[in-house]
Structures are given as C-alpha cells and as structure tokens.
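Just so you know, the protein sequences line up as chains R and W, in that order.
Per this note's numbering, residue 44 is the first one in the first sequence, and the count goes up by one each step.
Per this note's numbering, residue 44 is the first one in the second sequence, and the count goes up by one each step.
We put the CB at the ideal spot given by N, CA and C, even for glycine.
Since this is a predicted model, take the numbers as computed values, not measurements.
Number of protein chains: 2
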Amino acid sequence: MLKRFKKKKSAGTAKSFIEKDKVKAVKKKMKSETFFHNLAETFKAMSDPTRTKIIYALCLEKELCVHDITAIVGTTNSAISHQLRTLRNMKLVKYNKVGKIAYYSLDDIHINNLFAEGLRHVEEK
Amino acid sequence: MLKRFKKKKSAGTAKSFIEKDKVKAVKKKMKSETFFHNLAETFKAMSDPTRTKIIYALCLEKELCVHDITAIVGTTNSAISHQLRTLRNMKLVKYNKVGKIAYYSLDDIHINNLFAEGLRHVEEK
DNA sequence: ACAATATCTGAACAATTGTTCATATGTTAA
DNA sequence: TTAACATATGAACAATTGTTCAGATATTGT
C-alpha cells in the first residue's frame with residue numbers, strides 16, 4: 044500500500060521523463076500497422092538466398108525463362124517455380140507467357156534500386 | 044527401357060538449346076554463395092514489422108534509448124531488446140551505453156538509403 | 001546495503017518458411 | 001493422338017523465427 048502510494052507519487056514525473064518530446068514527435072509521425080507490414084513483406088521477399096540469386100540474374104539479363112533461371116541458380120525446377128510465385132505475389136517480378144515458355148523480369152525500377160542499395164551495403168562491410 | 048533410350052538421344056541437344064548465351068553470361072557474373080547469403084541476411088534483418096518500426100523511428104530521431112523505442116513501438120521491453128540484438132548482429136544499428144541507458148542509432152547511411160528505397164516501393168504500390 | 005531503474009538473456013512455444021516429391025496442367029511437334 | 005517439354009502446384013517435412021515468461025546484470029540514488 045505504502046509502495047503503491049510512493050509509485051503513484053513518482054509515476055507521473057517518471058513517465059513524463061521517459062515520454063519526452065522525442066517519443067511524442069516520432070509517435071505523431073508513425074505510419075499504420077499495414078504500412079509496416081507491407082514494408083516488412085517487401086524486404087522479406089528479398090530475404091532468401093535463392094530469391095536474391097533470381098533477382099540478381101534478372102538485374103543482369105532483364106528477361107529469363109524458368110528453365111534458364113533454374114540452370115543459373117542450380118536447383119530444381121520446382122524450387123524455382125515456388126520462389127517465382129512468391130516474388131510474383133510480392134510484385135517484385137512479372138512475367139509474360141509465350142507459348143509454353145514464361146519470361147520473367149523485374150517488376151519495376153524500384154526493385155533494381157532496392158537491390159543495388161542492399162548490394163552496396165554488403166560489399167562495403 | 045525404350046523410354047530411357049529415347050531420352051538419352053535428345054537430352055544433349057535439348058540442353059544446348061536451353062543453356063544459351065544468356066545463361067552463360069549470367070553464370071560468369073555470378074557471385075559467391077556467401078555473398079548471396081549475406082545479402083539475404085541484410086534484407087531479412089528488415090523483414091519483420093517490429094524491426095521496420097524500430098528502423099523507421101531511428102530514421103526520424105537518430106538516437107533513441109530502449110525505453111523510448113519500446114514506448115514508440117508499443118510492445119514489451121523484452122521483445123524490443125531481442126530485436127535490437129538481431130539488428131545489432133546484422134550491423135544495421137549500433138549503440139553506445141551511457142550509465143544504464145543504451146542509446147541506439149542506425150549503423151550507417153546505407154541503412155537510411157535502403158530503408159527509404161523500400162519505403163518508396165511500398166508507397167507507390 | 002538496498003530499492004528502483006534500464007537493459008539483457010535463455011528456454012519454450014506456436015507460427016512460418018523453403019525444399020522435396022509426386023503429380024498436374026498446358027503447349028508444341030510428330 | 002501421343003510423346004516430349006515447360007512450368008506450376010499441393011502435401012509433407014525439417015528448420016527457422018518472433019514472442020512471452022521468468023529471471024539475470026548492471027547502474028544509480030538514498
């Protein structure tokens with residue numbers, strides 16, 4: 044009880060010490076839950092070695108079919124196909140099908156920039 | 044048995060049709076396994092909503108203590124501390140401890156750029 | 001020395017992920 | 001139609017992940 048009283052006495056000041064202007068300022072500029080979810084999803088799309096290989100390949104050659112990508116990455120067709128679907132769902136790659144062949148390419152220039160920036164970070168560490 | 048024989052006959056030509064110049068060119072420029080691993084790890088560090096919130100907060104205010112980050116993100120101290128360790132291990136954030144308070148900040152400008160580029164991608168979709 | 005504060009940590013758990021396997025779909029050539 | 005080819009897919013599996021819980025450190029003020 045005594046403790047509780049003591050806590051009450053200092054709680055206000057303690058909290059106002061912690062929740063200072065910095066925190067309030069950032070909180071005001073905070074984006075929605077959905078925003079951070081989508082942002083995380085975008086990065087997650089690039090967070091697997093198989094997928095970074097695919098993206099890297101598509102940075103060098105802007106159009107590649109599944110068979111080519113499989114040959115370059117060196118896995119099974121199934122694994123590549125599954126990963127391409129992930130990248131498609133995340134809007135990182137697009138494809139157009141001509142006959143039985145599906146030609147994949149990066150969805151837009153942002154992907155190139157994003158990838159290049161990550162590449163720079165890794166190479167300078 | 045017959046099938047097997049037939050397959051053998053066409054396997055060679057089929058492969059040479061697929062492994063065309065494009066594939067060879069990309070294969071020549073392929074980076075090491077470690078490189079793609081590290082690159083994926085960097086993106087993975089940003090692939091969780093809690094961590095994107097932390098990084099976003101540190102983009103707005105370049106120095107924040109754990110308590111502040113906890114208040115901003117709105118989780119438990121433990122969860123934040125664990126995520127900060129992850130970010131530290133990935134060299135995305137650094138910290139300097141003054142007394143009992145640990146002040147966290149983004150490790151270098153590449154992180155700002157990388158994050159900003161991801162942000163742009165999400166906002167334009 | 002003690003209580004309060006700020007941060008960190010290990011274990012345990014459910015949830016998610018990437019690959020493999022077997023098979024399905026759709027297209028082309030014979 | 002049938003065989004060969006290019007790609008996609010569902011189920012199942014081990015491996016990884018993020019959070020919570022309980023408690024450990026370490027620093028400061030009294």
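Exercise. Which residue's Cα is closest to the Cα of D91/W: V116/W, Y146/W, G142/W?
Worked result: The shortest Cα separation from D91/W among V116/W, Y146/W, G142/W belongs to V116/W.
Exercise. The beta strand (DSSP E) with L135/R in it runs from where to where?
Worked result: Here L135/R belongs to no beta strand (DSSP E), and DSSP marks it neither H nor E.
Exercise. How would you list, in chain order, the residues of chain R whose beta-carbon sits under 9 Å from the beta-carbon of K87/W?
Worked result: Within chain R, the residues near K87/W are F86, K87, M89, S90, D91.
For this session: Using a Cβ-Cβ cut-off of 9 Å, state whether Y9/R counts as contacting chain W.
Result: Because residue 9/R is not part of the residues shown, which for chain R are 44 to 168, the question remains open.
Exercise. So is V141/R in contact with chain W if we call contact Cβ pairs under 9 Å?
Worked result: Taking Cβ atoms only, chain W never reaches closer than 9 Å to V141/R, which makes this a no.
Exercise. Once you ignore the five residues that flank K105/R on each side, which residues in its own chain have a CB closer than 8 Å to its CB?
Worked result: Taken in chain order, the residues that qualify are S148, L149.
Exercise. Anyone know if the C-beta pair for F79/W and Y99/R falls short of 9 Å?
Worked result: For F79/W and Y99/R, yes; Cβs fall inside 9 Å.
For this session: Please confirm whether A83/R and T95/W have their CB atoms less than 9 Å apart.
Result: The criterion of a C-beta distance shorter than 9 Å is satisfied by A83/R and T95/W.
Exercise. Hey, would you say C108/R sits closer than 9 Å to A159/R, going by beta carbons?
Worked result: Not a contact, by the Cβ cut-off of 9 Å.
Problem set entry | Neighbour flag for H153/W against chain R, beta carbons, 9 Å | Yes, because at least one Cβ of chain R sits closer than 9 Å to the Cβ of H153/W.
Exercise. Cβ of L149/R less than 9 Å from any chain W Cβ?
Worked result: With 9 Å as the cut-off, L149/R does not count as an interface residue toward chain W.
Exercise. For I154/R, does the count of other Cβ atoms within 10 angstroms reach 16, so buried, or fall short, so exposed?
Worked result: I154/R counts as buried, since no fewer than 16 other beta carbons sit within 10 angstroms of its beta carbon.
Exercise. Which word fits H164/R, buried or exposed, when buried means at least 16 other C-beta atoms lie within 10 angstroms of its C-beta?
Worked result: H164/R should be labelled buried.
Exercise. Between K134/W and the rest of its own chain, which residues show a CB-CB distance below 7 Å, the 5 nearest in sequence each way excluded?
Worked result: The residues are D150.
For this session: Work out the CA separation of D64/W and I123/W for me, nearest whole Å.
Result: Taking the straight line from one Cα to the other gives about 49 Å.
Exercise. Nearest chain W C-beta to A114/R closer than 9 Å, yes or no?
Worked result: Chain W contact via Cβ: present.
Problem set entry | Closest residue to M73/W among K67/R, M73/R, M89/R, A114/R (Cα-Cα distance) | Nearest Cα to M73/W within the set K67/R, M73/R, M89/R, A114/R: A114/R.
For this session: Hey, could you find the ends of the alpha helix (DSSP H) G161/W is sitting in?
Result: For G161/W, the enclosing alpha helix (DSSP H) stretches over residues 152-166.
For this session: Report the residue from D111/R, K71/R, N81/R whose alpha carbon sits nearest the alpha carbon of A68/W.
Result: Answer by Cα proximity: D111/R.
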